[in-house]
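Colleague: Residue numbers in the sequence shown follow my numbering, run continuously in steps of one, and reach 506 at the last position. Structure in structure tokens, see below.
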Amino acid sequence: MRSSTLASPSFPRTQLWSRVSAVSELALITLLTPVVLLVHGYHPFADDAGIYVAGIRAMLNPQLFQVDADFVTAHTRLSVFSHVFAWTIRTFHLPLELALLSAYLLSVFAFLLGSLRLAQRIFQDGVRPWGATLLASVLFTLPVAATALTLMDPYVTARSFSTPFSLFALAACMDRAWLRTAAWLLLVSLMHPLMGVYLASFLLVYLLVSKEDWTWLVVTCVAAFLSAFVIYVWTMQSALPQGYRVAALSRGYFFLSCWHWFEWLGLALPLLLMLVAVLRSENLAVRNLCLTCIATGTTAWLVSVCFIHTSGSFFLARIQPLRTFQMIYLIGVLLLGGFLAHFFRGRLAIVGAGTLMFTAGLMMLVQRQTYPASAHVEWPFAAPRNPWQQAFVWIRYNTPQNAIFALDSNYTKSGAEDTQGFRATAARSALVDDLKDGGVVAIFPALAPQWKKQRDLEEGLDGISDHERMTRLKPMGVTWLLLRSSATTQFDCPYRNSVVKVCRLP
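Structure, rendered in structure tokens:
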């Protein structure tokens, strides 16, 4: 009876097998997700996460960040990420730290699943897609040349979801499932509008390549280049707000002229390897994807070389055309993983597994060196190991909600600080810093005058006298200072550790 039921048209064996296979895939990816967490670490308040988490805190508690709201909420005007995150926390009454870890694990799961789905469109056998997915998990935090992007980040931002959504969009495009493609593209654009623009461009080029419409492909690439030329000429003489040039020039990754020669190789080598794949591979999907990457990458590179200079159009610098290389790197990793899985078959499987584990160990070592003063995995509710974060946490629980802090504008460049976000951790207002607030200004020029004024007031804060600190900071409404422990002061400092001290302005 059972065999006849399975063989009936209403429930064929192939349908049963596909369901079992799908469940097995999800189970394996679920098991792989915490492995990625342990290998690459987790730093919920570091780097760009500090900007996004501060924005979430502002939405959860509008009384926070009254004096620095422009810097905290600048990115929330263009992305739904912080809005959705804050709504989820309110609706389900989740602690912020637990919600961040849950979202991070969800983004890792989505990235691995998106990698597998895309790899299954590229490779036909069952081994290569898993080889591609395993290599993507091992190279999870691989830097994308010198663009200041990585494949994925060890924290949660809008890119944590726009990246896996981009993989799903490309897989749907390869299936010619246009409604699904449009839905994923819309989600990417809502999460990260700029990455949505570059994804749409990539999908358009892929469609032209897959149809072998070479004339329109050339026309499209030339039109993109000419559009950049028009923007360059139109904006070259535009007046810049006071201080904006300083902020923009501090983003060396905007300008290829600021890159080292070996960083240029990070753009050239992937495209050259893909050209080799085009010439040698008989896999049509591989050839189409490689040609798409070559066309989009070369166009972005030419635009950057010709029109993005330290003395040229800062508008083009702000939109960062080289961000398109994130998708190129993602595809390159999947292709490499598929080819390695084929090479290390049979007796070489043990060698392949050893190579994978060795690479994972190297990636873990790099991540530990990137955040040397912080725990490799910063678990929710655990006491921070980083001395700067210890001070930030003390501030959150022991200072008034309306406190306004001043720190040396270069404090994030301290080796022990690990780019941990002050506002995200301390939940208190602060005058600007060079690193992250400077990055916000580079994208939103209208904030430049305010940033420049505050930055100059905080410069060298640890080394000046108390009188000068009062003269500079009192007119800005500052009520508290965070100084290095070696700084000389007569102010009352109720908290101090081996690196920093928290002082109250009289």
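C-beta atoms are modelled at their ideal positions from N, C-alpha and C, and glycine is treated no differently. None of these values were measured; they are calculated from a predicted model.
1. Do Arg368 and Gly50 have their CB atoms nearer than 9 Å?
2. Could you tell me if Val502 is buried or exposed, where buried requires 16 or more neighbouring beta carbons within 10 angstroms of its beta carbon?
3. I need the DSSP call for Lys501, collapsed to helix, strand or coil.
4. Applying the 10 Å Cβ sphere with the 16-neighbour rule, what's the burial state of Arg347?
5. Pick from Trp87, Gly131, His75: whose alpha carbon is nearest that of Leu340?
6. Less than 6 Å between C-beta atoms, sequence neighbours within five positions excluded: which residues of the same chain meet that for Met174?
7. Jot down the residue ranges of each uninterrupted alpha helix (DSSP H) in the region 166–254, minimum 4 residues, whole runs only, in chain order.
8. Quick one: using the 10 Å Cβ neighbour count with 16 as the cut-off for buried, is Ser8 buried or exposed?
9. Given a cut-off of 9 Å, decide if Ala27 and Pro338 are closer than it, judged by their beta-carbon atoms.
10. Strictly by DSSP, which residues pair up with Cys143?
11. What are the uninterrupted segments assigned as alpha helix (DSSP H) that are 4 or more residues long and contained completely in the region 40–69, given in chain order?
12. Locate the alpha helix (DSSP H) running through Leu302, then write down its first and last residues.
13. Between which residues of its own chain and Pro449 is the CB-CB distance below 8 Å, once the five residues before and five after are set aside?
14. Report all residues from its chain with a CB closer than 8 Å to the CB of Val453; omit the five preceding and five following residues, and keep chain order.
15. Using 8 Å for Cβ pairs, my map puts Pro380 next to Leu98. What's the rounded Cβ distance?
16. If you count every other CB in all the chains shown that lies within 10 Å of the CB of Asn61, and 16 or more means buried, which is it?
17. Going by DSSP in three states, Tyr543 sits in which element: helix, strand or coil?
18. Sorted by chain position, which residues of the same chain lie with C-beta nearer than 6 Å to Leu101's C-beta, five sequence neighbours on each side aside?
19. Tell me, to the nearest whole angstrom, how far the beta carbon of Thr419 is from that of Asp434; I am working on the premise that it is less than 8 Å.
20. Could you have a look at Thr488 and say whether DSSP puts it in helix, strand or coil?
21. Run the CB neighbour count on Thr288, radius 10 Å, all protein chains shown included, and call it buried at 16 or more, exposed below.
22. Give me the Cα-Cα distance between Ser498 and Gln389, rounded to the nearest whole angstrom.
23. Ignore the nearest five residues each way along the sequence and tell me which others in Arg77's own chain have a CB closer than 7 Å to its CB.
24. Expressed to the nearest angstrom, what Euclidean distance is found between the alpha-carbon atoms of Leu336 and Ile328?
25. Classify Met357 as buried or exposed, calling it buried when 16 or more other Cβ atoms lie within 10 Å of its own Cβ.
26. In three-state terms, what does DSSP make of Ile29?
27. Quick one: grab the DSSP three-state call for Ala119.
28. Let me check understanding here. Comparing Cα to Cα, which of Leu167, Gln326, Ile319 lies closest to Gly266?
29. Is it buried or exposed, Lys436, if we count other Cβ atoms within 10 angstroms and call 16 or more buried?
30. Taking 8 Å as the limit between beta carbons, can you name the residues of its chain near Ile231, skipping five residues before and five after?
31. Go ahead and pull the three-state DSSP assignment for Arg469.
32. If distances are taken between C-alpha atoms only, which option among Leu461, Ile319, Ala295 comes closest to His192?
33. So, with DSSP's three-state summary, where would you put Ser313?
34. Using three-state DSSP, classify Asp125 as helix, strand or coil.
35. Does the structure place the region 163–171 close enough to the region 272–283 that three or more beta carbon pairs sit under 8 Å?
36. If you drop the 5 nearest sequence neighbours on each side, which residues of the same chain put their C-beta closer than 6 Å to that of Leu473?
Modeller: Well, looking at it:
1. no
2. So Val502 ends up on the buried side.
3. strand
4. The residue in question, Arg347, is exposed, as its Cβ has fewer than 16 Cβ neighbours within 10 Å.
5. Gly131
6. Arg121
7. 178–191, 193–210, 214–235, 244–249
8. At Ser8, the pLDDT of 41 sits below 50, so the modelled position is not reliable; the number obtained from the coordinates is stated separately. Under this definition Ser8 is an exposed residue.
9. Note on identity: in this sequence residue 338 is Gly, with Pro being the wrong assignment. No, the pair does not count as a contact, with Cβ atoms beyond the cut-off.
10. Rather than Cys, the amino acid found at residue 143 in this sequence is Pro. DSSP lists Thr150 as partners of Pro143.
11. 48–60
12. 284–307
13. Cβ neighbours of Pro449 within its own chain (closer than 8 Å, five residues either side excluded): Pro241, Gln242, Gly243.
14. According to the sequence as given, residue 453 is Lys; it is not Val. Cβ within range, chain order: Gly243.
15. 5 Å
16. exposed
17. Residue 543 lies beyond the residue range present for the chain, which begins at 1 and ends at 506; the question has no answer from this structure.
18. Pro380
19. Not really, about 11 Å apart at Cβ, beyond 8 Å.
20. coil
21. The sequence given here has Asn at residue 288, not Thr. Result: buried.
22. 12 Å
23. none
24. In this structure, the CA atom of Leu336 is about 12 Å from the CA atom of Ile328.
25. exposed
26. helix
27. helix
28. Gln326
29. Counting the other CB atoms within 10 Å of its CB gives Lys436 a total of 16 or more, which places it among the buried residues.
30. Phe307, Ser313, Phe315, Leu316
31. helix
32. Ile319
33. coil
34. coil
35. no
36. Ala406
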